[in-house]
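J.: With UniProt numbering, the residue at position 168 of the sequence shown is 168, and numbering never jumps. Yeah, the Cβ is synthetic: ideal placement off N, Cα and C, and Gly gets one too.
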Amino acid sequence: MVIKKDSIEKDRLKEVRRFLKLDFSKSSDFQDIVDLAALLCEKPVALITILDEDVNWIKVRSGVEYEVMPRETSFCQYGIQQDEILIIPDATKDYRFDDNPLVQSNPHVRFYAGAPLILNNGLKLGTLCLFDLKPNKITPLQEKTLSILSRQVTYLMELKLGQALLKKQLEETEAKNKALRKIAFMQSHDIRHPLSSIMCLVNLVKDGIHPVDEHWLGMITEATDTLDNKIKAIVNETAADRS
């Protein structure tokens, strides 16, 4: 069972690293959801968090200025352990937070509600969560609202990551197409001339117009060397474009 949990956490962290590449600040959609969660659930703090191996990243926030917190003190480390919303009415009455500085000292957190951000593959990135500095609760309607909003956050994250990957693929395809166009251009301009020279020299001999002598051999050798150098240059430049 321990091996299974370790394997799941390893897979989860791989997904976390992928989604941490997203720039949440470029989209107002996430901020709108966080602000709406705080408003509808009537709580002073609402966050979108992504839980990494040692760090709890606060990617979008309402009511606080923190951008990162240690994982070991985070409430979200417990929020990702279940599929449903984790609600802690009063953290001072929960043994898990007996030594937690967020609870025992400043800022004296009391209430927490966290809806896990569950990907299509079932792995959990973090939470959409609420905090309060006094013991509190949420109504069944607010709980349902938080759950719906968390699914919307996950949907937007997967959508935006897909868009970013698609953009990268298009850029890579365009780079390859550019290299192919460059090769075609070089073939038509750089290769055609020495190749035409070789063909012309061969035809002169075939038609009996010019004998195969030392001068002729020198010309065809020169044209062949030129063609060989052009091909090497194309290969080297194409390899440089791909690197």
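(1) Taking 6 Å as the limit between beta carbons, can you name the residues of its chain near T145, skipping five residues before and five after?
(2) With a threshold of 8 Å on Cβ separation, who are the neighbours of V34 within its own chain once the five nearest residues in sequence on each side are excluded?
(3) Taking 7 Å as the cut-off, is the C-beta of A38 nearer than that to any heavy atom in the ligand MG?
(4) I need the boundaries of the beta strand (DSSP E) containing Q45, first residue and last residue.
(5) Look at L125 and F19 and say whether their C-beta atoms are less than 8 Å apart.
(6) So for C76, helix, strand or coil by DSSP?
(7) Roughly how many angstroms lie between the CA atoms of E53 and P44, to the nearest whole one?
(8) State buried or exposed for N136, treating a residue as buried only when at least 16 other CB atoms are found within 10 Å of its CB.
(9) Taking the CB atoms as reference points, tell me whether S147 and I85 lie closer together than 8 Å.
(10) What runs of the beta strand (DSSP E), each 3 residues or longer, lie entirely inside the UniProt domain "GAF" (25-171)?
(11) Quick one: grab the DSSP three-state call for V2.
(12) State the Cα-Cα distance for the pair V2 and E171, rounded to the nearest angstrom.
(13) Exposed or buried, which one is D132 when buried takes at least 16 other CB atoms within 10 Å?
(14) In chain order, what residues of the same chain have a beta carbon less than 8 Å from the beta carbon of Y66, not counting five sequence neighbours either side?
(15) Can you tell me the Cα-Cα spacing of V16 and E222, whole angstroms?
(16) Excluding five sequence neighbours on each side, which residues of the same chain lie with their C-beta closer than 7 Å to the C-beta of T154?
(17) Quick one: what does DSSP say K14 is sitting in, helix, strand or coil?
(18) State the DSSP-derived secondary structure class of K21, mapped to helix, strand or coil.
(19) Do A113 and I138 have their C-beta atoms closer together than 8 Å?
(20) Is Q77 near L51, with beta carbons less than 8 Å apart?
(21) Do L156 and D29 come within 8 Å of each other at the CB atom, strictly closer than that value?
(22) Using only the alpha-carbon positions, how far apart do residue 245 and K178 sit?
(23) Between the alpha carbons of D123 and T173, how many angstroms are there, rounded?
T.: According to the data block:
(1) If we look at T145 and ignore the five residues flanking it on each side, its Cβ neighbours are L40.
(2) Excluding sequence positions up to five before and after V34, its CB lies within less than 8 Å of the CB of A46, L47, I48, V60, R61, S62, L128, all in the same chain and listed in chain order.
(3) You won't find the ligand MG in this model; it holds no ligand whatsoever.
(4) The amino acid at residue 45 is misidentified as Gln; the sequence shows Val. 45-51 is the extent of the beta strand (DSSP E) around V45.
(5) Cβ atoms of L125 and F19: closer than 8 Å.
(6) When DSSP states are grouped into helix, strand and coil, C76 belongs to the helix group.
(7) CA-to-CA, the gap between E53 and P44 works out to about 27 Å.
(8) Per the 10 Å Cβ criterion, buried.
(9) Their beta carbons are under 8 Å apart, which means S147 touches I85 by this criterion.
(10) Those beta strand (DSSP E) runs which fall completely within the UniProt domain "GAF" (25-171) and span 3+ residues are 45-51, 55-62, 68-70, 86-88, 111-118, 124-132.
(11) No answer about V2 holds up, because its pLDDT of 43 lies below 50 and its placement is not dependable.
(12) No answer about V2 holds up, because its pLDDT of 43 lies below 50 and its placement is not dependable.
(13) Buried, by the Cβ-count rule.
(14) The beta carbon of Y66 sits closer than 8 Å to the beta carbons of I58 from its chain, once the five residues preceding and following it are set aside; these are given in chain order.
(15) If you take the alpha carbons of V16 and E222, they lie about 59 Å apart.
(16) Sequence-distant Cβ neighbours of T154 in its own chain, meaning closer than 7 Å and more than five residues away, are L117, I118, L119.
(17) DSSP places K14 in the helix class (H, G or I) of the three-state scheme.
(18) Residue state, collapsed to three classes: coil.
(19) Taking 8 Å as the Cβ cut-off, A113 and I138 qualify as a contacting pair.
(20) Between Q77 and L51, the gap from beta carbon to beta carbon is short of 8 Å.
(21) Yes, they are a contact pair.
(22) Since the displayed the chain opens at 1 and closes at 243, residue 245 lies outside it and no answer follows.
(23) The question names Asp, yet the displayed sequence has Leu at residue 123. Rounded to the nearest angstrom, the two C-alpha atoms are 31 Å apart.
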